[in-house]
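Presented below is the structure to which this report refers.
Number of protein chains: 2
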Amino acid sequence: MGGTRQQILAMMIEKGDGYVSGEEISRKLGLSRTAVWKHIEELRREGYQIEARQRSGYRLVFRPDRILQEEIACHLSTRSFGRVLRTLKTVDSTQKVAHQWAREGAPEGAAVIAEEQTAGRGRLGRSWHSPPGSGIWMSLILRPPIPIARAPQLTLMASVGIARALIDMTHLPVRIKWPNDLLIRDKKVCGILTELRGEQDRVHYAVLGAGINVNIDGEAWPPDLKGKVTSLSAEAGRAFRRSPLIAAMLKELEAIYEKYLEQGFSAVHKEWERLSGILGRPVKVRNASGEVSGIARGLNGDGALLLDTEEGLIPIYSAEIIEGCQSRSF
Amino acid sequence: MGGTRQQILAMMIEKGDGYVSGEEISRKLGLSRTAVWKHIEELRREGYQIEARQRSGYRLVFRPDRILQEEIACHLSTRSFGRVLRTLKTVDSTQKVAHQWAREGAPEGAAVIAEEQTAGRGRLGRSWHSPPGSGIWMSLILRPPIPIARAPQLTLMASVGIARALIDMTHLPVRIKWPNDLLIRDKKVCGILTELRGEQDRVHYAVLGAGINVNIDGEAWPPDLKGKVTSLSAEAGRAFRRSPLIAAMLKELEAIYEKYLEQGFSAVHKEWERLSGILGRPVKVRNASGEVSGIARGLNGDGALLLDTEEGLIPIYSAEIIEGCQSRSF
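Line order of the protein sequences matches chains A and B.
When we follow my numbering, the leftmost residue of the first sequence carries the number 266, and every step to the right adds one.
When we follow my numbering, the leftmost residue of the second sequence carries the number 266, and every step to the right adds one.
Now the structure itself:
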């Protein structure tokens with residue numbers, strides 16, 4: 266959709282249930298009445314229901330819940346995040362597209378969002394179920410001036426930003442599961458994947474991927490995921506429009522990212538612990554060195570998970586929680 | 266150059282100053298005498314001087330110091346490093362080619378080596394002077410199963426491997442300057458650049474780049490580099506063939522990489538300190554947090570440089586030495 270069509274859509278959205286006259290559109294945008302009509306037809310093909318009434322003009326009757334730049338732009342209040350945006354109907358992986366774009370010079374805050382991923386990526390090479398029209402599959406390009414050793418902090422930072430936005434927009438009890446998931450009542454609603462390219466002591470760029478299950482019916486999950494995953498709609502008992510959610514996420518991500526760059530990880534630390542669903546709980550983690558059990562106590566200054574074990578407090582830099590999060594409610 | 270031509274070249278190299286009969290070549294490789302002759306002509310076009318004598322056969326009179334798979338393969342004794350190899354006459358950056366190749370699935374140990382780079386990359390986005398025919402500009406693809414926080418150790422590991430190979434082949438006093446240079450008598454002879462792509466807790470692939478000044482005349486440097494850089498030939502007073510050097514580097518890199526994966530950074534630590542040119546010397550380092558002065562004491566278990574300062578021993582994870590290495594001889 267081009268800039269003119271976006272402006273026409275924005276004018277109709279602004280009027281709410283009221284009419285925008287064709288004459289006003291054509292005057293403000295310098296278009297002929299026929300050109301206005303052609304744009305309206307194009308919007309209808311995109312799924313918008315637009316009533317046209319003689320002498321009153323055009324009125325938006327129904328806006329489809331579609332991932333479109335125009336819809337997102339209507340809600341966006343960021344400085345740079347999402348201001349440069351690619352929205353796609355279907356893509357193999359938004360991460361892959363964002364990597365390519367970052368290599369070609371995409372600015373910080375550029376985002377790729379798709380209606381559907383045919384080969385969505387999760388952590389550690391796993392696939393990510395991302396059916397069409399029902400989630401937010403987004404990749405955000407960052408260029409933080411940090412050494413790569415600090416890059417895992419970006420995932421923790423993003424967890425806080427996205428959790429804040431989801432809580433604000435849905436009032437659901439979203440909690441963070443270390444290191445990269447968001448849960449509602451112990452079921453996964455969002456996964457975060459931070460990928461990056463860098464050299465020994467600096468990140469060239471990072472691609473922050475987030476997959477959020479928005480409007481997915483409890484029955485719609487593949488058998489292996491059932492009982493482990495959920496969606497915002499399943500938990501709230503109502504559907505959510507995705508564009509305001511995306512705009513809210515970008516807003517919170519931008520805010521916490523700017524704080525993180527100014528103040529370092531301390532800007533994330535306390536709020537992460539407040540939103541964490543595992544502190545004080547017994548967990549078992551597994552990584553390349555083996556398994557460790559203990560009580561999750563918090564994060565250290567670097568972002569490692571502190572486990573209270575029989576041998577004392579151990580910082581876990583990289584691992585997976587294999588027990589302790591699916592067992593009971595928060 | 267194809268596999269057949271490589272075999273013909275290898276047969277001639279094996280004979281040293283002796284002759285290989287055309288009949289022997291055609292029998293062993295199942296070629297017509299005309300086909301053998303065509304391959305010989307092709308080798309001559311590549312710069313090889315080949316004497317052809319009736320009844321005796323072919324004899325290699327002069328081998329150009331060229332970066333060719335055949336030349337490198339003759340010397341290679343690795344298990345996997347350099348076994349998959351791309352040699353290029355000219356390229357913008359071997360790092361760039363290797364990244365692309367790694368994304369397409371190049372195996373661990375695959376290497377890209379060029380005669381010339383038109384846009385060679387150094388650390389922190391700097392350019393790297395890499396004139397044609399006079400150096401080794403190489404990028405090696407690694408797929409280490411380590412978290413990205415440990416990736417800076419790859420540079421330290423590579424420093425040891427390359428220093429070993431250069432000392433072994435040239436007997437020159439090569440020393441390591443933390444974090445990523447090799448020096449001879451306080452002048453830079455080699456720079457190492459480790460770039461990687463990964464996610465929060467694992468490296469997808471790393472591209473280990475090394476630029477080695479082999480046969481560069483002291484007068485040939487651009488004015489801004491004069492006095493700061495040197496080459497193996499300038500220090501030894503003689504030229505070096507690059508293919509045996511490349512094979513030796515790949516051999517030492519493979520050996521130390523395998524030890525590193527088995528034993529962790531302790532496999533690198535002591536030898537790094539032994540080869541270091543800065544331990545016990547006063548240095549000043551600069552990074553994003555500012556400048557620190559102290560006596561370089563060694564590395565900690567993670568690979569950070571330990572500086573003995575007025576406030577005690579400080580680990581430096583990422584910085585640049587701005588004073589203390591160009592000041593006096595080792």
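Glycine residues also receive a C-beta, built at the ideal position from the N, C-alpha and C atoms.
query: Kindly indicate which three-state DSSP category Gly-268 (chain A) falls into: helix, strand or coil?; result: helix
query: Using the C-alpha atoms, what's the distance from Asn-552 (chain B) back to Ser-583 (chain B)?; result: 7 Å
query: On the criterion of 16 or more Cβ atoms from any shown chain inside 10 Å, does Glu-576 (chain A) qualify as buried, or is it exposed?; result: exposed
query: In its own chain, which residues sit with a C-beta less than 6 Å from the C-beta of Ile-413 (chain A), not counting the 5 before and 5 after it?; result: Gly-463 and Val-468
query: Does the segment 469-486 of chain A come close enough to the segment 396-409 of chain A to have 3 or more Cβ pairs within less than 8 Å?; result: yes
query: Quick one: what's got a C-beta closer than 6 Å to Val-454 (chain B)'s C-beta in the same chain, skipping five residues either side?; result: Leu-447, Asn-478 and Thr-495
query: Rounded to the nearest angstrom, what separates Trp-366 (chain A) and Ser-395 (chain B) at their Cα positions?; result: 28 Å
query: Which one of A:Gly-566, A:Leu-572 and A:Ile-587 has the shortest CA to CA distance from Arg-415 (chain A)?; result: A:Gly-566
query: Got a sec: is the Cβ-Cβ distance from Arg-462 (chain B) to anything in chain A below 8 Å?; result: yes
query: Please return the same chain residues whose Cβ sits closer than 7 Å to the Cβ of Ile-337 (chain B), not counting the five positions on each side in sequence.; result: Gly-347, Leu-350, Ser-508, Ile-511 and Ala-512
query: DSSP three-state call for Gln-314 (chain A): helix, strand or coil?; result: strand
query: So, are the CB atoms of Arg-408 (chain A) and Tyr-470 (chain A) less than 8 Å apart?; result: yes
query: Are Ile-521 (chain B) and Ala-499 (chain B) closer than 8 Å when you measure CB to CB?; result: no
query: Could you name the residues of the segment 439-473 of chain B whose beta carbon sits closer than 8 Å to any beta carbon of chain A, in the order they occur along the chain?; result: Pro-444, Asn-445, Leu-458, Thr-459, Glu-460, Leu-461, Arg-462, Gly-463, Glu-464, Gln-465, Asp-466, Arg-467 and His-469
query: Output yes or no for whether 8 Å exceeds the beta carbon distance between Ile-543 (chain A) and Ala-561 (chain A).; result: yes
query: Within the continuous beta strand (DSSP E) that includes Gln-319 (chain A), where are the two ends?; result: No beta strand (DSSP E) holds Gln-319 (chain A); DSSP gives it neither H nor E.
query: Taking the Cβ atom as the reference point for each residue, do Val-557 (chain B) and Ile-581 (chain B) lie within a distance shorter than 8 Å?; result: yes
query: Along the beta strand (DSSP E) that carries Ser-404 (chain B), what are the first and last residues, could you check?; result: 400-407
query: With the cut-off set at 8 Å, would you say Ala-379 (chain A) and Thr-343 (chain A) are in Cβ contact?; result: no
query: Cβ of Leu-389 (chain A) less than 8 Å from any chain B Cβ?; result: yes
query: So which of A:Ile-406, A:Ala-532, A:Trp-486 and A:Thr-574 has the shortest CA-CA distance to Trp-393 (chain A)?; result: A:Trp-486
query: Closer than 6 Å by C-beta to Val-550 (chain A): which residues in its own chain qualify, once you throw out the five before and the five after it? Chain order, please.; result: Val-557, Ile-581, Ala-584 and Ile-586
query: Are Gln-441 (chain B) and Ser-541 (chain B) closer than 8 Å when you measure CB to CB?; result: The sequence as given places Ile at residue 441 (chain B); Gln does not occur at that position. Against a cut-off of 8 Å, the Cβ pair of Ser-541 (chain B) and Ile-441 (chain B) comes out as a contact.
query: Counting C-beta neighbours from all protein chains within 10 Å, is the total for Arg-320 (chain B) 16 or more, i.e. buried, or is it exposed?; result: exposed
query: Ends of the alpha helix (DSSP H) at Val-454 (chain B)?; result: No alpha helix (DSSP H) contains Val-454 (chain B), which is instead part of the beta strand (DSSP E) from 452-464.
query: Report yes or no: is there a C-beta of chain A within less than 8 Å of the C-beta of Thr-359 (chain B)?; result: no
query: Which chain B residues sit within Cβ distance under 7 Å of Tyr-582 (chain A)?; result: Pro-412 and Ala-414
query: Using a beta-carbon distance below 8 Å, is Ala-532 (chain A) in contact with chain B?; result: no
query: What's the call for Ala-504 (chain B), buried or exposed, on a 16-neighbour Cβ count within 10 Å?; result: exposed
query: Considering Glu-381 (chain A), what are the terminal residues of the beta strand (DSSP E) in which it resides?; result: 376-382
query: Any residues in the segment 551-569 of chain A with a beta carbon nearer than 9 Å to a beta carbon of chain B? Which ones, in chain order?; result: Asn-552, Ala-553 and Asp-567
query: Taking the Cβ atom as the reference point for each residue, do Leu-296 (chain A) and Leu-274 (chain A) lie within a distance shorter than 8 Å?; result: no
query: Between the Cα of Leu-341 (chain A) and the Cα atoms of A:Leu-518, A:Leu-564, A:Thr-420 and A:Glu-523, which residue gives the shortest distance?; result: A:Leu-518
query: Would you kindly check if the distance between the Cβ of Val-285 (chain A) and the Cβ of Tyr-313 (chain A) is under 8 Å?; result: no
query: Does DSSP put Glu-538 (chain B) in a helix, a strand or coil?; result: helix
query: To the nearest angstrom, how far is the alpha carbon of Thr-269 (chain B) from that of Leu-294 (chain B)?; result: 7 Å
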